[in-house]
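In the working numbering, the protein residues as written are 1 to 561. Every residue, glycine too, gets a C-beta built ideally from N, C-alpha and C.
Quick look at the structure:
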């Protein structure tokens with residue numbers, strides 16, 4: 001196994017100006033920098049759209065989709081790699097290559113508002129693009145307990161769990177279980193890995209399984225972030241199949257019951273890597289702090305297909321006695337290569353305690369000799385297709401329910417990015433016909449229909465087509481009665497439509513010489529639409545005739561325009 005050397009980046013201070021301290025094989029340096037964390041955090045929804053959109057878009061569309069990720073990655077790189085630090089990095093990389101070592105990028109973030117930033121996107125075109133694809137990138141969390149590799153007589157025991165409460169909709173979890181089991185079959189047959197599953201979806205089911213111990217806990221399901229407590233949650237099911245959230249700190253306490261205690265937790269759930277900018281130990285890191293040495297989580301929503309590909313490559317490298325950071329990078333490379341430059345390779349993040357990155361010492365398992373070029377584990381992970389993912393011979397792969405769902409999800413997030421709701425409605429409608437019982441697809445379709453109706457209503461209102469605008473706003477309120485903007489715009493469109501009808505009445509009254517009635521109608525129009533300007537002069541003519549005849553104006557000052 002190749003030795004590792006660390007390029008350590010420690011960031012402190014803030015919230016506007018930060019101190020960057022670097023310790024590396026080539027020397028040390030310090031600098032100060034400015035970084036607008038809020039600006040990057042506000043771009044996270046756009047990044048999410050780009051990541052999921054890249055899962056199904058053609059290669060020709062990748063450049064445009066990748067632009068937000070590259071821009072954020074460049075901002076992060078330019079903020080940290082300043083003055084002599086780029087030179088230290090290049091020298092450290094060259095030194096590691098000469099000594100046949102793996103250079104790790106280790107980030108120690110002392111400033112809480114920076115902990116939630118996607119450091120895995122660090123990008124510089126002169127240094128080969130995305131740094132996390134060429135070197136392992138680790139987020140270190142400082143704790144008092146040192147960690148040494150656990151000597152394990154194979155097989156490595158992976159305990160899997162699926163928790164999918166009915167109200168959350170459905171990930172293709174059973175299919176993922178089957179695919180993961182098939183992908184790990186060679187490792188199981190070699191006696192390197194044993195994969196078992198928790199029988200049930202409740203916290204009690206997990207507790208019972210953990211009492212027998214495991215080396216790795218692999219969770220498949222959903223995660224959320226508790227804004228009030230500023231902490232991540234994992235969603236279990238209760239006895240009735242309803243949502244039963246458990247905060248990360250409590251999950252850590254539950255995991256501590258296991259003997260042997262897991263050295264690694266993998267969270268294949270949609271938001272488990274999302275951190276609070278005010279709490280360094282939020283979300284997945286809260287599990288890591290006192291309980292397990294390493295946690296692999298997801299900082300963006302992840303498609304089922306990507307989760308399977310990553311898991312396959314990750315566990316293959318781990319079973320080959322690779323360190324956890326190398327295993328994560330093997331998963332990144334697999335996603336980047338097999339999925340045609342998909343941005344989903346930046347979704348996994350690794351939280352790790354200080355200490356040895358090799359969590360397990362698999363006795364009797366010796367890693368293969370590395371060729372001079374690409375490490376074997378990474379090369380196999382990047383090119384081998386997991387069982388169940390091959391296409392039909394000699395043509396396009398047949399679309400599975402999972403692929404339909406992933407394309408629907410990508411269309412949904414792409415619509416969030418480019419606001420093209422009508423295109424998303426068409427694609428999600430087709431997906432809903434294909435998967436009539438899928439709650440996730442149904443909910444996404446309902447959301448984009450609502451957004452489409454609202455957008456079409458706004459366009460119609462701005463174009464003066466008030467009847468069409470009202471129709472769309474009422475459709476929005478039929479789906480979401482509490483939509484305040486639709487309520488306000490519907491009232492305004494109704495008022496403008498009534499003002500338009502009254503303007504026709506005003507014109508007829510003025511033409512007939514019924515001047516007092518015309519002035520009263522003008523008052524009503526002005527009350528409904530303060531921007532009304534008497535475009536054909538009907539109210540002005542009525543006013544002039546009343547003034548000439550010397551009659552008292554019925555509502556002084558109300559009918560002058």
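Residue i versus residue j: straight-line alpha-carbon distance, rounded
| i | j | result |
| --- | --- | --- |
| residue 39 | residue 194 | 45 Å |
| residue 110 | residue 136 | 20 Å |
| residue 518 | residue 484 | 35 Å |
| residue 328 | residue 102 | 14 Å |
| residue 537 | residue 507 | 9 Å |
| residue 164 | residue 253 | 22 Å |
| residue 19 | residue 100 | 32 Å |
| residue 501 | residue 454 | 24 Å |
| residue 307 | residue 268 | 7 Å |
| residue 23 | residue 11 | 12 Å |
| residue 296 | residue 249 | 16 Å |
| residue 396 | residue 431 | Caution is warranted here: a pLDDT of 47 is assigned to residue 396, below 50, making its placement in the model unreliable, and the coordinate value is therefore given only provisionally. Between residue 396 and residue 431, the C-alpha separation is close to 18 Å. |
| residue 292 | residue 458 | 52 Å |
| residue 59 | residue 76 | Low per-residue confidence applies at residue 59: pLDDT is 43, beneath 50, and the placement is therefore not dependable, though the value from the model is reported in the following sentence. When rounded, the distance between both Cα atoms is 26 Å. |
| residue 497 | residue 503 | 10 Å |
| residue 591 | residue 499 | Outside the displayed span of the chain (1 to 561) sits residue 591, for which this structure offers no information. |
| residue 82 | residue 353 | 27 Å |
| residue 315 | residue 242 | 31 Å |
| residue 36 | residue 310 | 31 Å |
| residue 337 | residue 13 | 38 Å |
| residue 51 | residue 404 | 17 Å |
Three-way DSSP call (helix, strand, coil) for residue i in this model
| i | result |
| --- | --- |
| residue 198 | coil |
| residue 251 | helix |
| residue 348 | strand |
| residue 396 | Low confidence applies to residue 396: its pLDDT is 47, below 50, so where it sits in the model is not reliable enough to give any reading. |
| residue 257 | coil |
| residue 331 | helix |
| residue 342 | coil |
| residue 511 | helix |
| residue 110 | coil |
| residue 32 | strand |
| residue 213 | coil |
| residue 309 | helix |
| residue 412 | helix |
| residue 104 | strand |
Classification of residue i by the beta-carbon crowding that lies within 10 angstroms, buried from 16 upward
| i | result |
| --- | --- |
| residue 212 | exposed |
| residue 332 | buried |
| residue 42 | exposed |
| residue 533 | exposed |
| residue 521 | buried |
| residue 16 | exposed |
| residue 439 | exposed |
| residue 591 | This structure does not reach residue 591, given that the chain is present from 1 up to 561, and the question cannot be answered. |
| residue 510 | buried |
Other residues of its chain near residue i: CB distance less than 6 Å, five sequence neighbours each side excluded
| i | result |
| --- | --- |
| residue 6 | 104 and 106 |
| residue 205 | 198 |
| residue 384 | Unreliable placement is indicated for residue 384, whose pLDDT of 45 sits below 50; the coordinate value is still reported in the next sentence. Contacts found: none. |
| residue 218 | 158, 160 and 266 |
| residue 108 | 10 and 140 |
| residue 73 | 121, 122 and 123 |
| residue 302 | 347 |
| residue 257 | 210 |
Start-to-end residues for the beta strand (DSSP E) that takes in residue i
| i | result |
| --- | --- |
| residue 6 | 4-13 |
| residue 22 | 17-24 |
| residue 41 | Here residue 41 belongs to no beta strand (DSSP E); instead the alpha helix (DSSP H) covers 37-42. |
| residue 541 | Element bounds for residue 541: not the beta strand (DSSP E) but the alpha helix (DSSP H), 538-549. |
| residue 162 | 156-162 |
| residue 223 | 223-226 |
| residue 294 | 294-298 |
Boundaries of the alpha helix (DSSP H) in which residue i is found, first to last residue
| i | result |
| --- | --- |
| residue 90 | 85-98 |
| residue 424 | 421-434 |
| residue 480 | Careful: residue 480 lies outside any alpha helix (DSSP H) and carries neither H nor E. |
| residue 461 | 439-462 |
| residue 188 | 185-189 |
| residue 359 | Where residue 359 is concerned, there is no enclosing alpha helix (DSSP H), given that its DSSP letter is neither H nor E. |
Cutoff 7 Å; reference residue i; Cβ partners in own chain excluding five residues on either side
| i | result |
| --- | --- |
| residue 461 | 469, 489 and 493 |
| residue 84 | 29 |
| residue 201 | 162, 163, 164, 236 and 237 |
| residue 95 | 25 and 26 |
| residue 505 | 521 |
| residue 421 | 415, 448, 451, 452 and 455 |
| residue 349 | 120, 139, 273, 297 and 299 |
Close Cβ partners of residue i (< 8 Å) along its chain, the five nearest in sequence each way excluded
| i | result |
| --- | --- |
| residue 233 | 223, 224, 225, 226, 245, 246, 247 and 248 |
| residue 261 | 213, 255, 291 and 292 |
Check: residue i C-beta below 6 Å from any heavy atom of the ligand GDP
| i | result |
| --- | --- |
| residue 345 | This structure simply doesn't include the ligand GDP, nor any ligand for that matter. |
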